[in-house]
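Take a look at the structure below.
In our numbering, the protein residues as written are 5 to 66.
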(Lines of atoms letter the chains of each structure in order from A and count residues from 1; the text may use other names and numbers.)
(Lines give C-alpha, C1' and ligand atoms only; values in the text may rest on other atoms or scores of the structure.)
Protein backbone atom coordinates (compact mmCIF):
# COMPACT_ATOMS: atom_id res chain seq x y z
CA UNK A 1 0.00 0.00 0.00
CA UNK A 2 2.86 2.38 0.78
CA UNK A 3 4.53 1.69 -2.57
CA UNK A 4 1.30 2.42 -4.42
CA UNK A 5 0.84 5.69 -2.52
CA UNK A 6 4.45 6.65 -3.27
CA UNK A 7 3.97 6.09 -6.99
CA UNK A 8 0.61 7.88 -7.07
CA UNK A 9 1.90 10.92 -5.21
CA UNK A 10 5.38 11.20 -6.73
CA UNK A 11 4.89 9.75 -10.21
CA UNK A 12 8.01 8.54 -11.97
CA UNK A 13 10.20 9.94 -9.21
CA UNK A 14 8.45 7.58 -6.82
CA UNK A 15 9.15 4.63 -9.10
CA UNK A 16 12.83 5.61 -9.31
CA UNK A 17 13.06 5.92 -5.52
CA UNK A 18 11.45 2.50 -5.03
CA UNK A 19 13.86 0.87 -7.48
CA UNK A 20 16.91 2.52 -5.93
CA UNK A 21 15.72 1.54 -2.44
CA UNK A 22 15.16 -2.07 -3.44
CA UNK A 23 18.58 -2.38 -5.07
CA UNK A 24 20.35 -0.67 -2.15
CA UNK A 25 18.49 -2.78 0.40
CA UNK A 26 19.39 -6.12 -1.16
CA UNK A 27 22.99 -5.08 -1.84
CA UNK A 28 23.60 -3.69 1.66
CA UNK A 29 21.86 -6.59 3.38
CA UNK A 30 23.93 -9.09 1.42
CA UNK A 31 27.08 -7.17 2.31
CA UNK A 32 26.20 -7.14 6.01
CA UNK A 33 25.26 -10.82 6.03
CA UNK A 34 28.52 -11.76 4.30
CA UNK A 35 30.82 -9.60 6.44
CA UNK A 36 29.12 -9.99 9.82
CA UNK A 37 27.46 -13.36 9.43
CA UNK A 38 24.02 -12.10 10.40
CA UNK A 39 21.81 -9.16 11.13
CA UNK A 40 21.55 -7.35 14.46
CA UNK A 41 19.57 -4.36 15.63
CA UNK A 42 22.55 -2.12 14.99
CA UNK A 43 22.96 -3.30 11.41
CA UNK A 44 19.21 -2.96 10.81
CA UNK A 45 19.34 0.62 12.07
CA UNK A 46 22.36 1.39 9.92
CA UNK A 47 20.58 -0.14 6.93
CA UNK A 48 17.56 2.11 7.48
CA UNK A 49 19.74 5.21 7.73
CA UNK A 50 21.59 4.30 4.53
CA UNK A 51 18.29 3.69 2.73
CA UNK A 52 17.07 7.09 3.87
CA UNK A 53 20.23 8.61 2.42
CA UNK A 54 19.64 6.76 -0.86
CA UNK A 55 16.07 8.11 -1.04
CA UNK A 56 17.16 11.68 -0.41
CA UNK A 57 20.02 11.49 -2.91
CA UNK A 58 17.77 9.98 -5.56
CA UNK A 59 15.16 12.70 -5.11
CA UNK A 60 17.85 15.41 -5.17
CA UNK A 61 19.30 14.06 -8.42
CA UNK A 62 15.91 13.88 -10.11
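The C-beta atom is built at its ideal place from N, Cα and C for all residues, glycine as well.
Asked	Found
If contacts are defined as beta-carbon pairs under 8 Å, then residue 19 and residue 62 qualify, I think. What distance do you get, rounded to the angstrom?	About 11 Å separates the two Cβ atoms, so there is no contact after all.
To the nearest angstrom, how far is the alpha carbon of residue 65 from that of residue 5?	25 Å
Taking the Cβ atom as the reference point for each residue, do residue 28 and residue 55 lie within a distance shorter than 7 Å?	yes
Just the Cα atoms here: how many angstroms apart are residue 43 and residue 51?	10 Å
Quick one: give me the first and last residue of the alpha helix (DSSP H) that residue 20 is part of.	16-40
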